[in-house]
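J.: Per the UniProt record's numbering, the sequence shown runs over residues 1 to 71.
The beta carbon of each residue, even a glycine, is placed where N, CA and C say it ideally should be.
Pasting a structure below so you can have a look.
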Amino acid sequence: MEEPIGSWVFPRLSLTLASKEMVYFSKWIYRHRNRLRKDKSFQRLLQIERLIKRYLKINITNLAKQALKET
C-alpha cells in the first residue's frame, strides 16, 4: 500500500527532524542546568521547551488519527 506523498511522508519527516532538535535542546538544558538556574531567562527556556513538546505531541497525535482515517 502506497503512502500519499504530500499528506503523510513530508509531515512525518519534518516531525522527525523537530523531535531530534527537541532532544538536543533538552540535553543542552540538562547539561547547563546549574548555570542556567541563576539566569532569569532560564525559566523562559523551560517554557519554550514545554511548548515545543506539547506542539510535537499534538502533531503526532493528529498525524496518527489522519493515517487511521486514510486506511
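For Lys-20, does the three-state DSSP call read helix, strand or coil?
T.: helix
J.: By alpha-carbon positions, which one of Glu-49, Ala-64, Arg-37, Lys-38 ends up nearest to Tyr-24?
T.: Glu-49
J.: Ignore the nearest five residues each way along the sequence and tell me which others in Ser-7's own chain have a CB closer than 8 Å to its CB.
T.: At Ser-7 the pLDDT is 46, less than 50, meaning the model places this residue with poor confidence; the figure from the coordinates comes in the next sentence. Cβ within range, chain order: Gln-66, Glu-70.
J.: Pop quiz: Leu-45 and Met-22 are said to be a contact at Cβ under 8 Å. What is the actual Cβ separation, rounded to whole angstroms?
T.: The Cβ separation is near 13 Å, so there is no contact.
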